[in-house]
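Asker: First, the structure itself, so that you have it in front of you.
Residue numbers (my numbering): 17 to 243.
See below:
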């Protein structure tokens, strides 16, 4: 069985050591970086299965690291570690491509549960099929999308949102269900995260984003995919 590789980017020595010890005790192969720049370099150069990324880092912030990794099509799950309680930090992290967040101080059991959820989600990412609608073709197993034969860059979360809608084509999928199944939250303080991802999917895939034919809104309920 292949050992799961986790990159921890954390500048507080005590937390970094505790994470390395606890995760190593669970059988994970852990690499630690103490700055944003070092974390970015290691993530780009290594085949990591998951990244634990502190928001507040010396030099390059964790949000900047996350944004840059997603820009470079880094697809492994990213869990943000933050000491901040403000909703805006969580929302920004999710909007730029983070998969989850954990607020310090956190319990080891909670963190391990979040990690397992993200790893399961990633391991199931290759079980999808191909969806075609209009001039669009999406290969979920390869994380590839094409519109009129031209490749379209979708983020990992955009693939997941579209996959869930496509699995339930013709059915209404609520914002709450999207948050629960794609982001892993049963109760999240805002649904704008979902709306913004839907908006970007329409801009990238619909012929007329302002009058979509495939990714439809159902007023007061959620969204529906029509192929």
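From the three backbone atoms N, C-alpha and C, an ideal C-beta is built for every residue, glycine too.
#1: What would DSSP say about residue 197, mapped onto helix, strand or coil?
#2: Let's see if you can read the secondary structure: which residues bound the beta strand (DSSP E) around residue 31?
#3: Which stretch, first to last residue, makes up the alpha helix (DSSP H) that contains residue 220?
#4: Thinking just about the alpha-carbon of each residue, which of 216, 223 and 211 is nearest to the one in residue 235?
#5: Can you tell me whether residue 26 is helix, strand or coil according to DSSP?
#6: If you run the structure through DSSP and keep just helix, strand and coil, what is residue 153?
#7: Which residues mark the beginning and the end of the beta strand (DSSP E) in which residue 161 is found?
#8: Please report how far the alpha carbon of residue 21 lies from the alpha carbon of residue 171, in whole angstroms.
#9: Would you call residue 166 buried or exposed, if buried means 16 or more other Cβ atoms sit within 10 Å of its Cβ?
#10: Count Cβ pairs between the region 169-188 and the region 107-119 that sit closer than 8 Å; are there 3 or more?
#11: When the Cα of residue 96 is compared with those of 88, 80 and 89, which residue comes out closest?
#12: From the DSSP output, which residues share a beta bridge with residue 231?
Answerer: In this structure, then:
#1: helix
#2: Segment 29-41 is the alpha helix (DSSP H) holding residue 31; no beta strand (DSSP E) there.
#3: 208-221
#4: 211
#5: coil
#6: strand
#7: 160-163
#8: 22 Å
#9: exposed
#10: yes
#11: In terms of CA proximity to residue 96, 80 leads the group 88, 80 and 89.
#12: For residue 231, DSSP records a beta bridge to 241.
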